[in-house]
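To convert, note that position 162 of the sequence shown is 651 in the working numbering; the numbers rise steadily by one, no gaps.
Report on the following structure.
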Amino acid sequence: MVEMIPCNERTEDVKEDTRTDGNGHTVENVAPELVSNETKEDPETQMQKTRTWIWSVVYLCFYGFMVQLKPGEPFITPYLLSTEKNFTSQQVTNEINPVLTYSYMAVLVPVFLLTDYLRYKPVLIVQSMSHVSIWLLLLLGSSLLEMQFMEFFYGITMAARVAYSSYIFSLVPATVYQRVASYSRSSVLMGVFTSSVLGQICLSLGDVSYRTLSAISLGFVTFGLLLSFCLPWPKRSLFFNQARLEEERREAAQSELARMKPEEKDGSVAAQGSNPKYPSWTNSVFVEMLKELKNVVKVPSLRLWSLWWVFNSTGYYLVLFYVHILWNKVYPATENKHVYNGAVEAASTLLGAITSFAAGYVKIRWNLWSELVIGLITAAQAGLLLLMGITDDIWVCYVAYAFFRGFYQFLVPIAIFQIASSLTKELCALVFGVNTFLGTVLKTIITIIVADKRGLALNVHSQFFVYFFYFALLTVIYLGCSAFVITCHYRNQRAQEETTEVARATELNPMTTMEGEDTMAQNGTNVKT
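In structure tokens, the structure reads:
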């Protein structure tokens, strides 16, 4: 599942006077004249706007919770492998599951751009329609092609999650971005947790079949589709529609100046209005941010955490896509009530939420210890993958998976902060979009080579050994970089201490220095002629 980020924040009609670019420089923001216009609003109007965005946030969080209620989702793979669908493990591993990765890569960029251009709501409606299509195909479909189409629609729903994560920032003022981001994220996590628990209860205690569980999921996602039609329309965009907004701002500023200085209408003000600066694609915000991307790779912290996002998220999602097949291989349950996928997903989601929360309280020198922390956590993940690949105990596999997810979720908020802290909101959204796309491309390449029937078509145990070596290689690279960074840091620190000691000795013994200089002069050395 794609981890959503709170930095996809939309530009406000009124912002601070300054902001930071990709190089960490301070640049000017929206014209201050517009701020003065905002402050002229009467308290009743401001209160009405506040009530409006509060109810919008409440509704959007409720929507985010409801669309996650799919109690049959943790049991899709057991359903496909059961006698009800009767697909083989090879078909699910090498022919059905890979379509999800291909679909996700194909639609990610178009969805990312259309989300902003269409202002979020249509993309969320398409996402809900894809959810309905998934469960209709699971209920009614029986052929391999129909299950591949099911995975195709699943890829669309994953790509469209960016619309929900960024939608909420277009509805509220900038002063409450952090607060509403936590609300929206919490609603999604609570939805996933509740859905997994509900599915496990229905299966273990209610003796519900996989088909009935899929029908219940269809009912929930259909209700989510109805909710999506009632979502409010945002007024702002991030990349597109900015030309029109900037032109309206410029015209408003010009009219305000004209009222303040009417006597200058034939002078400078008139001159400014007579030669409008028409926007074009060459000076658009989107193109400017693409130009700024080259500065991101020059900043060590941005480069490190962006690479972590690309490489580690690739391995993380590959494990998530195929771990249910592994569980069925380790413990092929003969009765549905003995399948505990929902309980494990609920526990791992809860553990991930706890580790994400705990990450906010870790205070260390990240510019020095980042590579070491990443290396140690990646090494732990590699060990857990090896354990999952060799164990015959399903409970050991369950616990290892929960900790694997928890370690990843611990680093996600740290990566978000490290990347977003020195970027503008717009550039931050673009950087995360590019990182996600590069990770998806890498994931697709590995899937074609390792899992697809046109590649090596490895079985699931062999795949997990490949993922273990992948994380082990990343561990070696991270720890090697850590040793280099720490060695250089302490070497520079020692050199600075020696320089400081020499300077102090010179200050404490000036006579000795003068005598030394006199001696050098008498010997005919160090004398300027």
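All C-beta atoms, glycine included, are put in the ideal place defined by N, C-alpha and C.
All figures in this text were calculated on a predicted structure; none of them were measured in a lab.
Worksheet item: Can you tell me the Cα-Cα spacing of Ile935 and Trp794, whole angstroms?
Response: 21 angstroms
Worksheet item: If you run the structure through DSSP and keep just helix, strand and coil, what is Thr541?
Response: helix
Item to complete: Pick helix, strand or coil for Ala835, following the three-state DSSP scheme.
Response: helix
Worksheet item: Between the beta-carbon of Leu566 and the beta-carbon of Val581, is there less than 8 angstroms?
Response: Rather than Leu, the amino acid found at residue 566 in this sequence is Thr. Result yes, Cβ atoms of Thr566 and Val581 sit closer than 8 angstroms.
Practice prompt. In angstroms with no decimal places, state the Cα-to-Cα distance between Pro723 and Leu900.
Written response: 31 angstroms
Discussion item. In this structure, how does DSSP classify Ala780 when only helix, strand and coil are distinguished?
Written reply: Residue identity check: residue 780 is Lys in the sequence provided, not Ala. In this structure, Lys780 counts as helix in the three-state DSSP scheme.
Worksheet entry | Local conformation of Asp941 per DSSP, three classes | coil
Worksheet entry | Cβ contact check for the stretch 596-609 and the stretch 648-658: 3 or more pairs under 8 angstroms | The stretch 596-609 vs the stretch 648-658: in contact.
Discussion item. Between the alpha carbons of Ser545 and Tyr609, how many angstroms are there, rounded?
Written reply: 14 angstroms
Worksheet entry | Cut-off 6 angstroms between Cβ atoms - residues of its own chain near Leu968, not counting five sequence neighbours on either side | In its chain, beyond the 5 residues on either side, Gly864 have a beta carbon closer than 6 angstroms to the beta carbon of Leu968.
Worksheet item: Relative to the C-alpha of Ser802, which residue among Val851, Gly831, Gly928, His978 is closest?
Response: Gly928
Practice prompt. Could you tell me the distance, in whole angstroms, from the CA atom of Gly895 to the CA atom of Ile866?
Written response: Distance between the alpha carbons of Gly895 and Ile866 is about 10 angstroms.
Worksheet item: If you run the structure through DSSP and keep just helix, strand and coil, what is Trp722?
Response: coil
Discussion item. Rounding to the nearest angstrom, what Cα-Cα distance links Ala869 and Ala842 in this structure?
Written reply: For Ala869 and Ala842, the distance between alpha carbons rounds to 19 angstroms.
Worksheet item: Would the beta-carbon of Ala940 fall within 8 angstroms of that of Ala871?
Response: no
Discussion item. Rounded to whole angstroms, what is the Cα-Cα separation between Ser703 and Leu861?
Written reply: If I take the Cα positions, the gap works out to 44 angstroms.
Worksheet item: Any idea what DSSP makes of Asn817, helix, strand or coil?
Response: helix
Fill in: CB of Phe800 within 8 angstroms of CB of Leu875, strictly
no
Practice prompt. Within 10 angstroms of the Cβ of His827, are there 16 or more other Cβ atoms? Answer buried if so, exposed if not.
Written response: In the assembly as shown, His827 is an exposed residue. Its beta-carbon has fewer than 16 other beta-carbons within 10 Å.
Worksheet item: At a cut of 8 angstroms, does the stretch 679-698 reach the stretch 828-836 through at least three beta carbon pairs?
Response: With a cut-off of 8 angstroms, the stretch 828-836 and the stretch 679-698 count as touching, because enough Cβ pairs lie within range.
Worksheet item: Would you say Ile908 and Val920 are within 8 angstroms of each other, going by their C-beta atoms?
Response: yes
Worksheet item: Is Gly680 helix, strand or coil when you go by DSSP?
Response: helix
Worksheet entry | Residue interval of the alpha helix (DSSP H) (run including His827) | Neither: His827 is in no alpha helix (DSSP H) and is coded neither H nor E.
Discussion item. Please list the terminal residues of the continuous alpha helix (DSSP H) segment that includes Ala904.
Written reply: Ala904 -> alpha helix (DSSP H) spans 883-909.
Fill in: Arg854 to Arg674 span [Cα, whole Å]
27 angstroms
Worksheet item: Would you say Ser717 and Ile614 are within 8 angstroms of each other, going by their C-beta atoms?
Response: Contact flag set, yes.
Discussion item. So, with DSSP's three-state summary, where would you put Pro560?
Written reply: coil
Fill in: Straight-line gap, Thr933 to Val588 (C-alpha atoms, nearest Å)
So the two alpha carbons sit approximately 10 angstroms from each other.
Worksheet item: Hey, how far is the Cα of Ser617 from the Cα of Thr701?
Response: 20 angstroms
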